[in-house]
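Worksheet: one structure, shown below.
Number of protein chains: 2
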Amino acid sequence: MGRWEPNARGRLAEAALELYSEHGYEQTTVAEIAKRAGLTERTFFRHYADKREVLFAGSGELQDLFARAVAEAPERAAPVDALAAGLDAVSGAFADRWEHARRRHAVVVANPELQERELIKLASMTAAVAGALRGRGVTEPAASLAAEAGTAVFKVGFERWIAAAEEGEMAGLLRAALAELKAVTAGHAAAV
Amino acid sequence: MGRWEPNARGRLAEAALELYSEHGYEQTTVAEIAKRAGLTERTFFRHYADKREVLFAGSGELQDLFARAVAEAPERAAPVDALAAGLDAVSGAFADRWEHARRRHAVVVANPELQERELIKLASMTAAVAGALRGRGVTEPAASLAAEAGTAVFKVGFERWIAAAEEGEMAGLLRAALAELKAVTAGHAAAV
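Protein sequences appear in the order of chains A and B.
Just so you know, we're using the UniProt record's numbering here: the first sequence kicks off at 1 and counts up by one.
Just so you know, we're using the UniProt record's numbering here: the second sequence kicks off at 1 and counts up by one.
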């Protein structure tokens, strides 16, 4: 069957996001997603466990990417520089994904269950990055704090990226957010 | 009825935590909690919406305490110093609550649904602290980043506090975690 269903996975994801955006996540059924993609429900379930999974299928990949880049940063890099390398890697995964990321984010924030899921995925990413830092010899609590900081920078930078009036480079915004966090913790960002 | 039920709320919370620790959260019913506390189910529902709420009743209070202390820090304090004031205030709320906090944490980490709830409460606390910082004139993204940093410090410091072999001062551990975060973001915490 495969040859009649080129990029079934991507088509299903695109169809799902369209329907969630148009009619709302709750109102959309797997049957409708499959139909919109021109595929069968059976094909849907070969690629995704359920309609929620379509939105979070990339989370594990993102987590691995972040943690791996942290682990593979130059040996003598300080934890914060390893984090910066991880944030760069994460940015790369979002190249040409701005419209998609914006639409996905709008769907997630409109639904408490999806927001919870997003928080869990972020906590899981933080744990993976903390593990990668410990693997570099960073002790606790520095490893967990640095990982939390990395997730905070990703969250805040990501939200600025998708809130922009037009598509820009995510890497620059994440670097700026990291610089801002450094300034804040150093006490340099004074209240107006 | 009130005069026959001195501190019903506290007794119910204590009974619930005992039962969750002994038999697990899922296995415990509201009827059992009320019975252990020597009260009726009706009294339980006058104080708590459900058995989950018993574990999170203090979260709103903690959030208010943190945000208020940040808002009320000296006018010229830098954001990070306002955060430190907030963390001190939060520590005060846990005085003499070490055993309770340890038992509660063990119940929460044993149950995915409760962990999700905890993440949502922490996200809500972060949003409240970011709001308090914006109220001080701190601009975005500094306000959100500082608030995320504050929550990270609270989480990591709290976990160290409850993991200790004996009861200690939470304030000192939170201050140490904040100092560690400063060092990490400044790039001073080198990998071993």
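Even for Gly, the Cβ is constructed at its ideal location relative to N, Cα and C.
On a predicted model such as this, the values are computed, not experimentally measured, just so you know.
Hey, how far is the Cα of residue i from the Cα of residue j?
i, j, result
"alanine 89(B)", "leucine 87(A)", "33 Å"
"alanine 191(B)", "alanine 142(A)", "For alanine 191(B), the pLDDT reaches just 41, beneath the cut-off of 50, and the residue's location in the model is therefore unreliable, although a value from the coordinates is still provided. Straight-line Cα distance between these residues: approximately 10 Å."
"serine 59(B)", "glycine 58(A)", "32 Å"
"arginine 9(B)", "leucine 39(B)", "10 Å"
"proline 6(A)", "aspartate 96(A)", "20 Å"
"lysine 182(B)", "tryptophan 98(B)", "27 Å"
"arginine 52(B)", "serine 91(B)", "24 Å"
"methionine 1(A)", "arginine 42(A)", "Legend: pLDDT at methionine 1(A) = 47, less than 50; position of this residue unreliable, no value from coordinates given."
"glutamate 72(B)", "glutamate 113(A)", "34 Å"
"arginine 175(B)", "valine 70(B)", "15 Å"
"proline 74(B)", "alanine 171(B)", "19 Å"
"alanine 84(B)", "arginine 102(A)", "35 Å"
"glutamate 14(A)", "phenylalanine 44(A)", "12 Å"
"serine 124(A)", "threonine 126(B)", "18 Å"
"valine 161(A)", "glycine 157(B)", "It is tryptophan, not valine, that sits at residue 161(A) in the sequence shown. Whole-angstrom Cα-Cα distance: 31 Å."
"alanine 77(B)", "arginine 68(B)", "14 Å"
"serine 21(B)", "threonine 29(A)", "40 Å"
"glycine 131(A)", "histidine 188(B)", "19 Å"
"glutamate 169(A)", "alanine 163(A)", "12 Å"
"tyrosine 25(A)", "leucine 122(B)", "25 Å"
"threonine 151(A)", "histidine 100(A)", "21 Å"
"glutamate 140(A)", "glutamate 166(A)", "40 Å"
"histidine 23(A)", "glutamate 159(B)", "42 Å"
"arginine 117(A)", "alanine 31(B)", "31 Å"
"glutamine 27(B)", "lysine 155(B)", "28 Å"
"asparagine 111(A)", "asparagine 111(B)", "22 Å"
"aspartate 64(A)", "aspartate 64(B)", "36 Å"
Please confirm whether residue i and residue j have their CB atoms less than 8 Å apart.
i, j, result
"glutamate 49(B)", "isoleucine 33(B)", "First, the amino acid is wrong: residue 49(B) is alanine here, not glutamate. No, these two residues do not count as a Cβ contact at 8 Å."
"valine 129(B)", "phenylalanine 66(B)", "yes"
"leucine 133(A)", "alanine 147(A)", "yes"
"glutamate 180(B)", "leucine 145(A)", "yes"
"leucine 12(B)", "histidine 47(B)", "yes"
"glutamine 115(A)", "valine 107(A)", "no"
"valine 138(B)", "threonine 185(A)", "no"
"glutamine 93(B)", "leucine 119(B)", "Inspection of the sequence shows that residue 93(B) is occupied by alanine rather than by glutamine. Taking 8 Å as the Cβ cut-off, alanine 93(B) and leucine 119(B) do not qualify as a contacting pair."
"glutamate 55(B)", "arginine 104(B)", "Reading off the sequence shown, one finds leucine at residue 55(B), where the question assumed glutamate. Yes, they are a contact pair."
"arginine 136(B)", "alanine 82(B)", "yes"
Please compile the residues from chain B whose C-beta is within a distance smaller than 7 Å of the C-beta of residue i.
i, result
"alanine 123(A)", "Leu119"
"glycine 187(A)", "Ala78, Val80, Asp81"
Name the chain A residues whose beta carbon is nearer than 7 Å to that of residue i?
i, result
"serine 91(B)", "Residues of chain A passing the Cβ test: none, with the nearest at roughly 16 Å."
Which residues of chain A have a Cβ atom closer than 8 Å to the Cβ of residue i, listed in chain order?
i, result
"alanine 142(B)", "Glu180, Ala183, Val184, Ala189"
"glutamate 72(B)", "Within 8 Å Cβ-Cβ: nothing; glutamate 72(B) doesn't reach chain A, min ~13 Å."
"glutamate 99(B)", "Result: empty, since nearest Cβ-Cβ is about 22 Å, beyond 8 Å."
Along chain B, in chain order, which residues have C-beta atoms closer than 8 Å to that of residue i?
i, result
"leucine 145(A)", "Ala152, Val153, Val156, Ala177, Glu180, Leu181, Val184"
Can you determine whether any heavy atom of the ligand HEM sits closer than 7 Å to the C-beta of residue i, and answer yes or no?
i, result
"phenylalanine 56(B)", "Judged by which ligands are present, the structure shown has none, so any question about the ligand HEM falls away."
Q. In the segment 147-172 of chain B, which residues sit with their C-beta less than 9 Å from some C-beta in chain A, listed in chain order?
A. Ala147, Glu148, Ala149, Thr151, Ala152, Val153, Lys155, Val156, Gly157, Glu159, Arg160
Q.
Counting only Cβ-Cβ distances shorter than 9 Å, please list the residues of the UniProt domain "HTH tetR-type" (6-66) of chain B near chain A, keeping chain order.
A. none
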